[in-house]
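2 protein chains.
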Amino acid sequence: MTFKEKLLKAVQKNRSWLCIGLDPDLGKLPDHLDKSTAGIEQFLKTIIDSTHDLVCAYKPNSAFFEQFGVDGLLLLKNIIAYIPSEIPIILDAKRGDIGNTSRMYARAAFDYLGVDAITVNPYMGYDCVKPFLDYPNKGVFILCLTSNQSANEFQKQQLTIGGMLYQQVAKTSLSWNVNDNVCLVIGATKPEELAELRAVVGDNIPILIPGVGAQGGDLELSLKSGANVKGELAIINVSRSALYAGKGTDFADKSPAECLRLVTAMRSVLNLA
Amino acid sequence: MTFKEKLLKAVQKNRSWLCIGLDPDLGKLPDHLDKSTAGIEQFLKTIIDSTHDLVCAYKPNSAFFEQFGVDGLLLLKNIIAYIPSEIPIILDAKRGDIGNTSRMYARAAFDYLGVDAITVNPYMGYDCVKPFLDYPNKGVFILCLTSNQSANEFQKQQLTIGGMLYQQVAKTSLSWNVNDNVCLVIGATKPEELAELRAVVGDNIPILIPGVGAQGGDLELSLKSGANVKGELAIINVSRSALYAGKGTDFADKSPAECLRLVTAMRSVLNLA
Numbered sequence: 001m002t003f004k005e006k007l008l009k010a011v012q013k014n015r016s017w018l019c020i021g022l023d024p025d026l027g028k029l030p031d032h033l034d035k036s037t038a039g040i041e042q043f044l045k046t047i048i049d050s051t052h053d054l055v056c057a058y059k060p061n062s063a064f065f066e067q068f069g070v071d072g073l074l075l076l077k078n079i080i081a082y083i084p085s086e087i088p089i090i091l092d093a094k095r096g097d098i099g100n101t102s103r104m105y106a107r108a109a110f111d112y113l114g115v116d117a118i119t120v121n122p123y124m125g126y127d128c129v130k131p132f133l134d135y136p137n138k139g140v141f142i143l144c145l146t147s148n149q150s151a152n153e154f155q156k157q158q159l160t161i162g163g164m165l166y167q168q169v170a171k172t173s174l175s176w177n178v179n180d181n182v183c184l185v186i187g188a189t190k191p192e193e194l195a196e197l198r199a200v201v202g203d204n205i206p207i208l209i210p211g212v213g214a215q216g217g218d219l220e221l222s223l224k225s226g227a228n229v230k231g232e233l234a235i236i237n238v239s240r241s242a243l244y245a246g247k248g249t250d251f252a253d254k255s256p257a258e259c260l261r262l263v264t265a266m267r268s269v270l271n272l273a
Numbered sequence: 274m275t276f277k278e279k280l281l282k283a284v285q286k287n288r289s290w291l292c293i294g295l296d297p298d299l300g301k302l303p304d305h306l307d308k309s310t311a312g313i314e315q316f317l318k319t320i321i322d323s324t325h326d327l328v329c330a331y332k333p334n335s336a337f338f339e340q341f342g343v344d345g346l347l348l349l350k351n352i353i354a355y356i357p358s359e360i361p362i363i364l365d366a367k368r369g370d371i372g373n374t375s376r377m378y379a380r381a382a383f384d385y386l387g388v389d390a391i392t393v394n395p396y397m398g399y400d401c402v403k404p405f406l407d408y409p410n411k412g413v414f415i416l417c418l419t420s421n422q423s424a425n426e427f428q429k430q431q432l433t434i435g436g437m438l439y440q441q442v443a444k445t446s447l448s449w450n451v452n453d454n455v456c457l458v459i460g461a462t463k464p465e466e467l468a469e470l471r472a473v474v475g476d477n478i479p480i481l482i483p484g485v486g487a488q489g490g491d492l493e494l495s496l497k498s499g500a501n502v503k504g505e506l507a508i509i510n511v512s513r514s515a516l517y518a519g520k521g522t523d524f525a526d527k528s529p530a531e532c533l534r535l536v537t538a539m540r541s542v543l544n545l546a
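Respectively, the protein sequence lines represent chains A and B.
So the first sequence is residues 1 to 273, counted in the numbering used here.
So the second sequence is residues 274 to 546, counted in the numbering used here.
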């Protein structure tokens, strides 16, 4: 089964385009939990138990696990194994290097960790992305226009051939899509550009949209701008505002409640039955 | 001691601007070694034993360790601990993400692994690089113009404000250099651009120059083009052609012999006494 097929099945089952970003932060854990990777494991498993019927994907953020070294990598393995097999997992890792090195990053993500998709950085061009695209059943989310403040610094540089750099990245990424597994990352903080890019890339490309919640992106506007004509393939990622909705023992209720609020809004925008 | 001070001390001691890239590849290990992370550990420790007086730095490539998961991370820790403390270690990881995530990547590299420098990707702009630059004693190598074939695809896009993207990255990186720890990555396969960029960034910025050897870059031309007026701060990285110079039990002689050949050529170009 390809990443896109698995994604659409999860959407059909859960009537949701919500992706929860798993960014474990000791400083934000509910007070009663142990401030350790064991405490994080308990926390994330409870989040998964209480939200897996509300999401279309989970997005573990590699950096937040890497900070703990070997313990963090073991934690990431355990969390990946714990996520129900029908929910796709997007590893947020922003990888990319020369071909023989990207092949090793692809092995780490797809063969060792066994995730369904990964985020990659396009700065070095095609030969750095190709080793990921060579896994036809895996999704490859190419950074296009990101949600952070400094994104404009290089991504919005105007090119003499016409258009801005991020538009060139979007167009070029389409030309790499021989295995039908190219996906894009476009921030929710840029709804106008999101609508414009959806028009450019057509209806077939999944777009991961981070930046709703803590970063200030608007849910309904992002969904309307990012979805294709069928109201599909706009994956809305929420990390901090969903994970850390409750600071006490009530977090197991507060997180799914926040997710349900978002999903209910989504369903009404997209007329998801 | 800052990264740059440590680098210059190692150069003074070893009269060398050679950096060996540590890219452990099971398929390329000498035949008699066990094809496992234990075999790699034995291999890399022998390489370090026989070359540490010939180099100015080692550059472990994170991807080649990540492919082995937990075993690979333990191996990386062991190799970092094994490298003599006076030789700086540049982690080649090409990281970069929004601020709160880059902070975690910086922790993983500088606090957990304890390396002296890291390579980062500038596509997302300043707020993604700043968390690394905030460690004043660590070097931050920003990808500018890379050695791979597809580098031109985006990096050489001409901007309407003048110059190409990689030139804009170089100029902008300079403006981020408040802690005197900005460094650049510029491929040896682009000697003309290397000379041009050295002129643009001035004499104070270390430049890491990969691509000599397997990728076809010319040693003398790269050195002459990349060094500053004092003949300094051009770090020539060689990975495969140095590591895998010998396929048999003679590798412990062939690798240092290949490094000595490169260093001797370097010394003559740079008049290193």
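Ideal Cβ placement from N, Cα and C applies to all residues, glycine included.
Just curious, the beta strand (DSSP E) that N237 of chain A is in, first and last residue? A234 to V238
If you drop the 5 nearest sequence neighbours on each side, which residues of the same chain put their C-beta closer than 6 Å to that of D476 of chain B? N501 and V502
Does the beta carbon of K444 of chain B sit closer than 9 Å to a beta carbon anywhere in chain A? no
Cutoff 9 Å: E153 of chain A Cβ touching any chain B Cβ: yes
Answer with yes or no whether the minimum CB distance from S498 of chain B to chain A is below 9 Å. no
For K190 of chain A, the three-state DSSP class (helix, strand or coil): coil
For I434 of chain B, count the other beta carbons within 10 Å of its own beta carbon; 16 or more makes it buried, fewer makes it exposed. Which is it? exposed
Using only alpha-carbon positions, find the residue among B:E505, B:A330 and B:L494 that is nearest to L364 of chain B. B:A330
At what residues does the alpha helix (DSSP H) containing Y126 of chain A begin and finish? Y126 to L133
So T119 of chain A is in the beta strand (DSSP E); what residue range does that whole segment cover? A117 to V120
Between the Cα of A170 of chain A and the Cα atoms of A:A108, A:E193, A:T101 and A:M1, which residue gives the shortest distance? A:E193
Along the chain, where does the beta strand (DSSP E) that runs through Y331 of chain B open and close? A330 to P333
Closest by CA to E153 of chain A, which one among B:V402, B:D298 and B:M377? B:V402
For a test of the three-state rule: what should DSSP assign to Q430 of chain B, helix, strand or coil? coil
Cα-Cα separation between S514 of chain B and A390 of chain B, rounded to whole angstroms: 23 Å
Give the C-beta separation of K224 of chain A and V269 of chain A to the nearest angstrom, bearing in mind that I take them to be a contact with Cβ-Cβ under 8 Å. 6 Å
Helix, strand or coil at L54 of chain A according to DSSP, with G and I counted as helix: coil
Give me the chain B residues within the contact set of G246 of chain A, using Cβ-Cβ distance strictly less than 9 Å, ordered along the chain. Simply none; closest approach about 20 Å.
Cα-Cα separation, Y378 of chain B to I371 of chain B: 11 Å
V70 of chain A CB to nearest chain B CB: under 9 Å? yes
Would you call the CB atoms of T189 of chain A and G216 of chain A closer than 9 Å? yes
Count the other C-beta atoms from every protein chain shown that fall within 10 angstroms of the C-beta of T374 of chain B, then say buried if there are 16 or more, exposed otherwise. buried
I'd like to confirm something about N351 of chain B: is its beta-carbon nearer than 8 Å to some heavy atom of the ligand GTP, or not? In terms of ligand content, the structure shown is empty, and the ligand GTP therefore cannot be addressed.
On the three-pair Cβ rule with 8 Å, is the segment 284 to 304 of chain B touching the segment 324 to 340 of chain B? yes
Locate the alpha helix (DSSP H) running through F276 of chain B, then write down its first and last residues. F276 to N287
Anything in the segment 54 to 88 of chain A with a Cβ closer than 7 Å to a Cβ of chain B? List those residues in chain order, please. N61, A63, F64, E66, Q67, G69, V70, L73 and L74
Does the structure place the segment 478 to 486 of chain B close enough to the segment 504 to 519 of chain B that three or more beta carbon pairs sit under 8 Å? yes
With DSSP run on the structure shown, which of helix, strand or coil describes K94 of chain A? strand
Measure the alpha-carbon distance for L33 of chain A versus L113 of chain A and round it to whole angstroms. 26 Å
Taking 9 Å as the threshold (beta carbon to beta carbon), is G99 of chain A in contact with chain B? yes
Please determine, among B:T324, B:I320, B:Q315 and B:T310, the residue with the shortest C-alpha to C-alpha distance to R288 of chain B. B:T324
At 8 Å on the CB atoms, spell out the chain A contacts of L416 of chain B, in chain order. Y123 and M124
Taking only beta-carbon positions, decide if R471 of chain B is within less than 9 Å of chain A. no
Please check the pair I89 of chain A and P60 of chain A, which I expect to be a contact at CB under 8 Å, by giving their CB distance rounded to whole angstroms. 7 Å
Would you call the CB atoms of N454 of chain B and N410 of chain B closer than 9 Å? yes
For D116 of chain A and chain B, any beta-carbon pair shorter than 9 Å? no
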